[in-house]
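To keep things clear, I will list the structure first and then write my remarks on it.
Chains as they are written, first to last, in the working numbering: chain A, 71 to 977; chain B, 17 to 483.
Put into structure tokens, the structure is as follows:
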């Protein structure tokens, strides 16, 4: 329930962590660096034995990647180039348009009781106070203030309502671009009887959606395998990766002022639009900025996007050496050592004139005795972050592979592993930084009492973490006359992690398995049956919580108010915590029919978790009311069915058709818990922390929707089944609304070949799960402002309740503005947002990939002195079909496909 | 070949030997507190130790302005602000956990220091005693706030029977707690402070560490709450021996005059009432220590309760209309010592005790001593009183203003509501209807938050108020 989420990657026999530490000390898991073209094979392990070979880290599955080793004989060169184009797309179809928003603002004018008695002076002061930020409402107020007459006001409102989705259009035209990537790969392999050599290099350049964001990457891979003598083989490999990235830090979709679809980024005269202070700040604030000589805070978004680009450069290396010694023909010993290092430096120079720096400096203006003192100097801010990791891994393994007589065969491995992983991060800010002279100004320590200055983020900080593991493992397989197979595995781990001092540390994890090759039996010799194997396995895995200590721990930093070091207790000794135990049972069958034209496997598994880790709310009286801590909370079962089916439907000289199907069914059920949510809102917001018996673990909980009342106000049922417009506060009123995890998943790939053309298409289906709709046709969830503030919202607001009787036709609540104090119900937002009405069916069908390849005819290829040549076109994420457009949006279905063009040559 | 086999046999043995050493390293950036310095730092953490907000105690007597929209959104605020006695506050007090949660967070850190103090390393006997004594005083301040916020006022008639708040003395997970009587919690606080006093330094290491002055000031506050005027007076006099300074607000006013007097100038000034304020014995936040913020706004009616020429008031608030609301908005920014201990409170405790003894002149001398630093020279004349009752009323008026947004106005209302001469019925008009808050209203006791009663840990919590 807690802990790492990525599967473990094992590359050429080594577990590769590639974790790094971010600037605030959190561990981030990354995919391993790898030239994709170097991959020879990928295998995914999920059964009980996986954990006992690779340890607890394998709980999320193991991905075994084997890279290319080089040719046995001769030389081969491969060259390829791919281009990827992804048209920019922002889904405005789901959003209320300018016309909708102006309609809402006109309704505001009708409904607002304050407006009926508002004097011109009050209207002017409301404008000056910037109580309302949206252009429509401000235009209406200008009429009340006497700045515009009725027809001028209407003309302006009409003009705004005709703007469509101008802001988003301007963003698309001037601030974003269509992402475009190029990738070039060269690899060379050659081999003799004694040695195999492989070299590859990949260069990648990605231009990202933000115009000033791009990534560049160069990877170099060298690998050599040499047979030194009859019994000793040496393998050496080194992978180098250089990265050089730019990241734009200003986003035109979060410009620093509020906008609606009718706002703009480009003026009609073609100049870049500037939001002047008077466009978004109150007159009183502007006055004090001018009076005390602070920085002006005008924002020109299309100029700001060029400012404050974060530049990062990285270097990483992963090298290993492996010795394989053949002691006798059935016994071998291998030892290997891998070293990983990676350095990354991020540098961000916040320019003196950028909006970020101007407003940051203003936040630290000390106003006293009628004048302002700038506690933060008015200059560039230089922020650098250094991330460093290194890791080593030392493995030794004895392999036994022996046949006894004719019928018995035994294979076993016995090994040990030592791992060390060290991560560091370091952050530093220099103020009033001169990039030429490389000078900076010290800050007055009193800055902490003037503004919100965080010593860790705004000054400097360091984090470091070291993880060490020592493990022993063994694995035995025995087969009797190739018919009956038995396996067993055992692993024992120790580490320096906090939880390790607990008595549960020394528990081994183990598994046993058995198999029966039915097709080898004499009594089942059928023409159409080529393979039939039954197998079963059973294993116990365990987990300890890595960051929970049996001791009290505290973290420390600098107190910026009174000085000295301040400490905070992060964990209290947690004596009741024990081992998390997972039992996995698996029964399966592999088969091959009709000369293996049809092959596949069928698996049933059952995973039973006991004493699973979960968070619980701290006890307020103990002083930890706002914290959570880990406990062993509950049991759960997962069981499921997996079917893979592969069929060569047609195969002749010119035409072939292969179809493969992968289907999985998974059912998850919480069978025991000993904690209930201390408070209703926690059940809704943190359902995973408070699972309920009988429901899946990753569930969505909601109020039962009871429709709109006669005034168009949303209602739900309370615990007694009565309709209410208030938030029910009991746990009984909150019901199960579905699981977040699909219960059925299906993937179906069809590959067709005709002469030199290959075509393939992959379709997936997910079903049985739900998703909460967060894109609501509702004005400000949890809005407690005095004044209406409008933000872009879902277009279904058009179908809202407008008059009595509409509650029979629509579920979309009426608009109630905060100014309508008698009608306004602050609970409505919560009631509507958490109602099961807004829990959507997430069932979907996706066309994931369509690819078309053309292999150049052999005679052409020969003329070009090539061995092979292939052109390929792919479209990724082609389409998604869902039950409702809301679900499609929430599932990320509104996006444009990636179009990939590639050319692959082999010499 | 044989060599390799030997090597193989030896290697695992080597592993086992060095394994424990290899794994026996501690993570960086975190540590197990062991030394004096490790524990001392825990008391410097403002977020967990030195912040106890008291929102409802400010809202109930209408000591702040709350906009209609906020009242609409925070149902509990509305009940307390508009004295809706028929409503059940327990249901809505999810929006008020902060007093309980933060006060017990502070108590937990203090308990931790007191539990581990005897075994901490690299500490001199004096350092150890001092740190533990400091923790005892900090814990007592939190209990004082809790006991006044969540339980009935101390009344010698009922204190032995009525329940107060849970008492907890350990920082462990699953530590037992017991909801004790009002008398027990007051005895506990007094004993704690008294036994801490001899070990406290005259001045704490920083303003976050209470010294002797702070301890005497707290004792005098507690004794006054118990109507024990003799002890309250004695302790207030001792407190003033350690610090009797008053901040000259008239000088501040004159230095910032142009900005203060310019009507539409709402630029925020850095508050002088922060860590370096000369009146501080001990500093405690009532708002987040992580962000500088303005003070709470005042109702126009409440602002009228300040004396003419009050420079402290004029420096802090200015009339503002943001249609449709008119209120006094804060013109300060920074961190404010609202929940700590200051000299002005001690002066006014001493004044009331003197008045109770019949020393009207002495009482009014204290009042005027404070007023001289607050009231601008042009408006200042000495204040006099006819009798003890008159004097106490005048002292209260000043105290309510001076200590606004601290727990004291709320605690004083509750304390004086027992005496018919001083009991106050608050009145106001909403939509043409007069509503009132009587001295005996149940609203003067805040219900415990649901989060605490539903998750009481190793103890039980009984509400002290029905709704």
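No residue lacks a Cβ here, since even glycine has one placed at the ideal position from N, Cα and C.
Suppose you measure from the CA of residue i to the CA of residue j; what does that come to, to the nearest Å?
i: residue 633/A; j: residue 411/B; result: 37 Å
i: residue 965/A; j: residue 865/A; result: 18 Å
i: residue 198/A; j: residue 336/B; result: 12 Å
i: residue 346/B; j: residue 432/A; result: 19 Å
i: residue 505/A; j: residue 205/B; result: 58 Å
i: residue 468/B; j: residue 208/B; result: 25 Å
i: residue 672/A; j: residue 716/A; result: 12 Å
i: residue 690/A; j: residue 153/B; result: 21 Å
i: residue 460/B; j: residue 953/A; result: 54 Å
i: residue 84/B; j: residue 856/A; result: 7 Å
i: residue 379/B; j: residue 245/B; result: 13 Å
i: residue 426/A; j: residue 346/A; result: 15 Å
i: residue 981/A; j: residue 731/A; result: With chain A represented from 71 up to 977, any question about residue 981/A goes unanswered, as that position is not in the structure.
For residue i, which residues in the same chain have their Cβ closer than 6 Å to its Cβ, ignoring the five residues on either side in sequence?
i: residue 371/A; result: 322, 325, 335
i: residue 637/A; result: 624, 626
i: residue 309/B; result: 303
i: residue 692/A; result: none
i: residue 130/B; result: 148, 151
i: residue 748/A; result: 687
i: residue 303/A; result: 297, 394
Among the residues of its own chain, which have a CB less than 7 Å from the CB of residue i, if the five just before and after it don't count?
i: residue 182/B; result: 193, 194, 195, 475, 477
i: residue 170/A; result: 865, 867, 868
i: residue 381/A; result: 316, 417
i: residue 470/A; result: 400, 401, 480, 481, 482
i: residue 420/B; result: 79
i: residue 350/B; result: 286, 287, 290, 308
i: residue 96/B; result: 72, 75, 76, 459
i: residue 742/A; result: 704, 705, 763
Leaving out five residues on either side along the sequence, give the residues of the same chain with a beta carbon under 8 Å from the beta carbon of residue i.
i: residue 161/B; result: 68, 70, 115, 119, 355, 423
i: residue 384/B; result: 398, 399
i: residue 510/A; result: 452, 500, 501, 502, 503, 504
Kindly identify the DSSP beta-bridge partner or partners of residue i.
i: residue 384/A; result: 313/A, 414/A
i: residue 774/A; result: 787/A
i: residue 631/A; result: Per DSSP, none; premise fails for residue 631/A.
i: residue 437/A; result: 442/A
i: residue 498/A; result: 454/A, 530/A
i: residue 427/B; result: Residue 427/B pairs with nothing; no bridge assigned.
What I want to know is whether the C-beta of residue i ends up closer than 7 Å to one or more non-hydrogen atoms of the ligand ATP.
i: residue 346/A; result: As presented, the structure is devoid of all ligands, the ligand ATP included, so that no description of it is given.
Report yes if the CB atom of residue i is closer than 8 Å to the CB atom of residue j, and no otherwise.
i: residue 198/B; j: residue 233/B; result: no
i: residue 840/A; j: residue 809/A; result: yes
i: residue 135/A; j: residue 115/A; result: no
i: residue 390/A; j: residue 464/A; result: no
i: residue 533/A; j: residue 492/A; result: no
i: residue 699/A; j: residue 740/A; result: no
i: residue 860/A; j: residue 174/A; result: yes
i: residue 201/B; j: residue 159/B; result: yes
i: residue 214/A; j: residue 162/A; result: no
4 or more residues per run - each alpha helix (DSSP H) lying fully within the stretch 121 to 189 of chain A
168 to 181, 183 to 186
* What alpha helix (DSSP H) runs, 4 residues minimum, are completely inside the stretch 375 to 421 of chain B? -> 376 to 390, 404 to 418
### Query
Which runs of the beta strand (DSSP E), 3 residues or longer, sit entirely within the stretch 241 to 276 of chain A?
250 to 261
Requested in this report: Could you name each continuous alpha helix (DSSP H) segment of 4 residues or more that falls completely within the stretch 866 to 924 of chain A, going from the start of the chain to the end?
Outcome: 898 to 903
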